[in-house]
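Enquirer: Right, I'll just put the structure down here and ask away after.
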Amino acid sequence: MPNAPFYPRVFARAFSHAGPAFVSVAAVILGWEAYVQLSGISPTALPAPSRIITQGFEQREALARHTLATLQATTLGFACSLTAAFLFSVLIDFFQPLRRALFPVFIITQTLPLVAIAPLVVLWFGFGLTPKIVLVALVTFFPMLVALAQGYEATNRDIAALLASMGASRWRIFLMARMPSALPYFFAGLRISVTYAVVGAIFAEYAGAARGLGIYILNAKNNFRPDLVLAAVFVSAALTLLLFSASVLVQRAAMPWARLAEQRR
Amino acid sequence: MSPARLELVGLRKSFGATEVLADISLSVQPGEFVSILGPSGAGKSTILQLLTGATRLDSGRMLLDGTPLSSAQHRFAFMPQGDALMPWRRIIDNTTLGLEVQGMSRKAARAKVEPLFAEFGLAGFERYYPAQLSGGMRQRAALLRTVVQQRPMLLLDEPFGALDALTRAQMQRWLADMWTRHRWTVLLITHDVREAVLLSDRIYVLSSRPAHVVHRFPVPIDHPRQGASAALSAIEAEILTTLLHPED
Chain G
1 MPNAPFYPRV FARAFSHAGP AFVSVAAVIL GWEAYVQLSG ISPTALPAPS
51 RIITQGFEQR EALARHTLAT LQATTLGFAC SLTAAFLFSV LIDFFQPLRR
101 ALFPVFIITQ TLPLVAIAPL VVLWFGFGLT PKIVLVALVT FFPMLVALAQ
151 GYEATNRDIA ALLASMGASR WRIFLMARMP SALPYFFAGL RISVTYAVVG
201 AIFAEYAGAA RGLGIYILNA KNNFRPDLVL AAVFVSAALT LLLFSASVLV
251 QRAAMPWARL AEQRR
Chain F
266 MSPARLELVG LRKSFGATEV LADISLSVQP GEFVSILGPS GAGKSTILQL
316 LTGATRLDSG RMLLDGTPLS SAQHRFAFMP QGDALMPWRR IIDNTTLGLE
366 VQGMSRKAAR AKVEPLFAEF GLAGFERYYP AQLSGGMRQR AALLRTVVQQ
416 RPMLLLDEPF GALDALTRAQ MQRWLADMWT RHRWTVLLIT HDVREAVLLS
466 DRIYVLSSRP AHVVHRFPVP IDHPRQGASA ALSAIEAEIL TTLLHPED
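Each protein sequence line maps, in turn, to chains G and F. Under the numbering used here, the first residue of the first sequence is numbered 1, with each subsequent residue one higher. Under the numbering used here, the first residue of the second sequence is numbered 266, with each subsequent residue one higher.
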């Protein structure tokens, strides 16, 4: 086995994937920095990236504390939402009339404007963790449910017919064929929903919370500190990217066969 | 005389207003290889759906070893069109699928299947995923999955239809060779005349929809048939004539 050139090749491939993104992000930041320095615009209107980084670094302890609160709300809310979406997807798959009964309700929940709903949820559930969990679940539940329901439908008919000919029960066919067939759809839904989840948590916090990036942003804005607003925004973007990458890694671990299929093409 | 392994008498089946099977009667003796040959869309696969219980017949009788089949029984080992391998299961776990559904533990099922990999030309590929195998190997794995179920009869639905011509010819010869050794009772659905003639003891030719049996051809040539290509070609030509000019 040619072990020696393995690691450099992996790095080279990782760079060829991430390189273009890195260059474009760096170009935006450099352009921004240059504009602020050359135009002499006030830092209370548009702070330079360098100022955002240094001020954010000085506030690192507060930022870390609030970030942790947001991360906790996001993961808890998302876990609740995933559990509920999975249970409902199974129910809907076995009792099709339920689909027609429930989908309109779920679709309506997706049309509610978050700006209006977030303060109400805080009013009902207080400044603790609960309203954040509710809001995160509200924005992520339906996309996950749709992804799962579509994934079950994508089951190869031949495989289902084969299992039925072997005498497999409906539940057995669900476990052995429909659920694994839904995995690619599930992970596609997961990657999208996880980005909504962070936004949902921040919205809830913005409407009122004891801790979290949302309330940090609100306070920084009220103190005329756009640099700290943007520092918190950068942190939340980093948080979203982190969760996104985590879901990609989980997908790779859960579906080792998918990459093999790619290699053959 | 002992009863036929499979006896179908006057099967009729319609889907809504579409009459698919008009009158299908056929029989398969134990250890016999029988093919159903017909134009595409004739309802050949519907016969297998009736046997596997995927759909119910309107009228007619289906007897297995002399006793009527109820749809709740799963007495056939079925190989669908395409290989229907699960991409998420390794080859060995695909081949044990039927045994697992029958209630065997995965470990016991693996132990039972493993010794057969060499004979099916899959030795060394137990741990591979289906996506890593060629089309021919995937079909051999699908056939292995079918025969290890140890059902009284195999139902093969156009098993080589999706393969390229060369691989298909190789697989047909390989299946003929395997059958000569094992003498499974087989009902094969195909629209490939050469395939039917190479493999079968008897061939039923169906009309186009609504399907009925228009002709029965015995293929009285001993297996292995590799040396008998002239005699096979003569039968093939005769069947082709029947298919192309059904009125004569």
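For each residue, glycine too, the CB sits at the ideal point set by N, CA and C.
1) Please confirm whether residue 516 of chain F and residue 340 of chain F have their CB atoms less than 8 Å apart.
2) Chain F partners of residue 164 of chain G, CB-CB under 8 Å?
3) Which residues mark the beginning and the end of the beta strand (DSSP E) in which residue 275 of chain F is found?
4) Should residue 216 of chain G go down as buried or exposed, given a rule of 16 or more other Cβ atoms within 10 Å for buried?
5) Under the DSSP definition of a beta bridge, which residues are partnered with residue 312 of chain F?
6) Cβ atoms of residue 115 of chain G and residue 204 of chain G: under 8 Å apart, would you say?
7) CB-CB under 7 Å to residue 323 of chain F, same chain, minus the five flanking residues each way: which ones, in chain order?
8) Going by the beta-carbon positions, is the gap between residue 342 of chain F and residue 270 of chain F smaller than 8 Å?
9) Determine contact between the region 163 to 171 of chain G and the region 303 to 318 of chain F, defined as no fewer than three beta-carbon pairs at a distance below 8 Å.
10) Assuming residue 400 of chain F is part of the alpha helix (DSSP H), what are its boundary residues?
11) Based on the DSSP output, what are the partners of residue 213 of chain G in its beta bridges?
12) Just tell me which of F:489, F:424, F:481 and F:490 has its CA closest to the CA of residue 503 of chain F.
13) So residue 353 of chain F contacts chain G; which residues on that side make the cut at Cβ distance below 8 Å?
14) Which residues bound the alpha helix (DSSP H) around residue 131 of chain G?
15) Using the three-state DSSP reduction, which class does residue 11 of chain G fall into: helix, strand or coil?
16) To the nearest angstrom, how far is it from the Cα of residue 485 of chain F to the Cα of residue 256 of chain G?
17) Rank F:472, F:493 and F:487 by C-alpha distance to the C-alpha of residue 257 of chain F and give the top, closest one.
18) How many Å lie between residue 139 of chain G and residue 198 of chain G at the Cα?
19) Quick check: the Cα distance between residue 202 of chain G and residue 70 of chain G, rounded to an integer number of angstroms?
20) Do you know how far the Cα of residue 207 of chain G is from the Cα of residue 105 of chain G?
21) If we define contact as Cβ-Cβ less than 8 Å, is residue 404 of chain F a contact residue for chain G?
22) Rounding to the nearest angstrom, what Cα-Cα distance links residue 312 of chain F and residue 420 of chain F in this structure?
23) Strictly below 7 Å CB to CB, what residues from chain G border residue 349 of chain F?
24) Can you name the residues of chain G whose CB is closer than 8 Å to the CB of residue 363 of chain F?
25) Pull up the DSSP beta-bridge partners for residue 284 of chain F, would you.
26) Check whether the Cβ atoms of residue 456 of chain F and residue 286 of chain F sit closer than 8 Å, and answer yes or no.
27) Could you tell me the alpha carbon to alpha carbon distance between residue 103 of chain G and residue 43 of chain G, rounded to whole angstroms?
28) Residue 84 of chain G by DSSP, collapsed to three states: which one?
29) For my contact list, residue 214 of chain G and residue 182 of chain G are in at a C-beta cut-off of 8 Å; report their separation, rounded to the angstrom.
30) Taking buried to mean at least 16 other C-beta atoms within 10 Å of its own C-beta, is residue 153 of chain G buried or exposed?
31) Which residues share a DSSP beta bridge with residue 455 of chain F?
32) Can you name the residues of chain F whose CB is closer than 9 Å to the CB of residue 172 of chain G?
33) From residue 366 of chain F to residue 393 of chain F, what does the alpha carbon distance come to, in whole angstroms?
34) Just to check, is the beta-carbon of residue 424 of chain F closer than 7 Å to a non-hydrogen atom of the ligand NAP?
Expert: On the basis of the supplied data:
1) Residue coverage of chain F in this structure runs from 266 to 513, which leaves residue 516 of chain F outside it and unanswerable.
2) Within the first sequence, numbered from 1, the residue matching residue 164 of chain G stands at position 164. Under the 8 Å cutoff, chain F gives 317, 318 and 319.
3) Here residue 275 of chain F corresponds to residue number 10 of the second sequence, with the count starting at 1. Boundaries of the beta strand (DSSP E) harbouring residue 275 of chain F: 271 to 280, taken from the DSSP string.
4) Within the first sequence, the letter at position 216 stands for residue 216 of chain G. By the Cβ-count criterion, residue 216 of chain G is buried, with 16 or more other Cβ atoms from all chains shown falling within 10 Å of its own Cβ.
5) The sequence position of residue 312 of chain F within the second sequence is 47, counting from 1. Note: residue 312 of chain F sits in no beta bridge, so no partner.
6) Residue numbering aside, residue 204 of chain G sits at position 204 when the first sequence is read from its first letter. Residue numbering aside, residue 115 of chain G sits at position 115 when the first sequence is read from its first letter. No. Outside cutoff.
7) Start at 1 with the first residue of the second sequence, and residue 323 of chain F comes out as number 58. Listed in chain order, the non-local C-beta contacts of residue 323 of chain F below 7 Å within the same chain comprise 277, 278 and 279, local neighbours out to five positions each way being set aside.
8) As a first step, residue 342 of chain F is located in the second sequence; it is residue number 77 there, counting from the start. As a first step, residue 270 of chain F is located in the second sequence; it is residue number 5 there, counting from the start. Not in contact: residue 342 of chain F and residue 270 of chain F (Cβ atoms no closer than 8 Å).
9) As far as the Cβ criterion goes, the region 163 to 171 of chain G touches the region 303 to 318 of chain F, which means the pair count is three or higher.
10) Position 135 of the second sequence, counting from 1, holds the residue named residue 400 of chain F. Run containing residue 400 of chain F: 400 to 412, per the alpha helix (DSSP H) assignment.
11) In the first sequence, the residue the question calls residue 213 of chain G occupies position 213. Looking at the DSSP output, residue 213 of chain G shares a beta bridge with no other residue.
12) Here residue 503 of chain F corresponds to residue number 238 of the second sequence, with the count starting at 1. Ranked by how close their Cα comes to the Cα of residue 503 of chain F, the residues F:489, F:424, F:481 and F:490 have F:481 in first place.
13) As a working mapping, residue 353 of chain F is identified with position 88 in the second sequence. Contacts between residue 353 of chain F and chain G, judged by CB atoms closer than 8 Å, involve 180, 183, 255 and 257 in chain order.
14) As a position in the first sequence, residue 131 of chain G is number 131, starting the count at 1. First-last of the alpha helix (DSSP H) with residue 131 of chain G: 130 to 153.
15) Mapped onto the first sequence, residue 11 of chain G falls at position 11. The answer is helix: DSSP assigns residue 11 of chain G an H, G or I state.
16) Counting from one through the second sequence, the residue named residue 485 of chain F turns up at place 220. Counting from one through the first sequence, the residue named residue 256 of chain G turns up at place 256. A direct Cα-to-Cα measurement between residue 485 of chain F and residue 256 of chain G gives close to 50 Å.
17) This structure leaves residue 257 of chain F out entirely; chain F is present only between 266 and 513.
18) Counting from one through the first sequence, the residue named residue 139 of chain G turns up at place 139. Counting from one through the first sequence, the residue named residue 198 of chain G turns up at place 198. Rounded to whole angstroms, the gap between the alpha carbons of residue 139 of chain G and residue 198 of chain G is 10 Å.
19) Start at 1 with the first residue of the first sequence, and residue 202 of chain G comes out as number 202. Start at 1 with the first residue of the first sequence, and residue 70 of chain G comes out as number 70. Spanning the two alpha carbons is a distance of roughly 7 Å.
20) Indexing the first sequence from 1 puts residue 105 of chain G at position 105. Indexing the first sequence from 1 puts residue 207 of chain G at position 207. Spanning the two alpha carbons is a distance of roughly 25 Å.
21) For the purposes of this step, residue 404 of chain F is taken as the residue at position 139 of the second sequence. No, because no Cβ of chain G sits closer than 8 Å to the Cβ of residue 404 of chain F.
22) As a position in the second sequence, residue 312 of chain F is number 47, starting the count at 1. As a position in the second sequence, residue 420 of chain F is number 155, starting the count at 1. Answer to the nearest angstrom: the Cα atoms are 10 Å apart.
23) Position 84 of the second sequence, counted from the start, is the residue given in the question as residue 349 of chain F. For residue 349 of chain F, the neighbours in chain G by C-beta distance under 7 Å run, in chain order, 156, 158, 159 and 162.
24) Locating residue 363 of chain F in the second sequence gives position 98, where the first residue counts as 1. Annotation: Cβ neighbours of residue 363 of chain F in chain G (cutoff 8 Å, chain order): 166.
25) As a working note, residue 284 of chain F is residue 19 in the second sequence. Residue pairing for residue 284 of chain F: DSSP places it in a beta bridge opposite F:279.
26) Numbered from its first residue, the second sequence carries residue 456 of chain F at position 191. Numbered from its first residue, the second sequence carries residue 286 of chain F at position 21. The answer is no: Cβ separation not under 8 Å.
27) Indexing the first sequence from 1 puts residue 103 of chain G at position 103. Indexing the first sequence from 1 puts residue 43 of chain G at position 43. Their backbone Cα atoms lie some 48 Å apart in a straight line.
28) Within the first sequence, numbered from 1, the residue matching residue 84 of chain G stands at position 84. Of the three classes helix, strand and coil, the one that applies to residue 84 of chain G here is helix, per DSSP.
29) Against the first sequence, residue 214 of chain G aligns to sequence position 214. Against the first sequence, residue 182 of chain G aligns to sequence position 182. Not really, about 33 Å apart at Cβ, beyond 8 Å.
30) Here residue 153 of chain G refers to the residue found at position 153 of the first sequence. Looking at its Cβ environment, which holds fewer than 16 other Cβ atoms inside 10 Å, residue 153 of chain G is exposed.
31) Your numbering for residue 455 of chain F matches position 190 in the second sequence. According to DSSP, which records beta bridges pairwise, residue 455 of chain F is partnered with F:302.
32) For this step, residue 172 of chain G is matched to residue 172 along the first sequence. For residue 172 of chain G, the neighbours in chain F by C-beta distance under 9 Å run, in chain order, 366.
33) As a working note, residue 366 of chain F is residue 101 in the second sequence. As a working note, residue 393 of chain F is residue 128 in the second sequence. Each residue's Cα considered, the two are about 21 Å apart.
34) With respect to small molecules bound, the structure shown includes none, and the ligand NAP cannot be examined in it.
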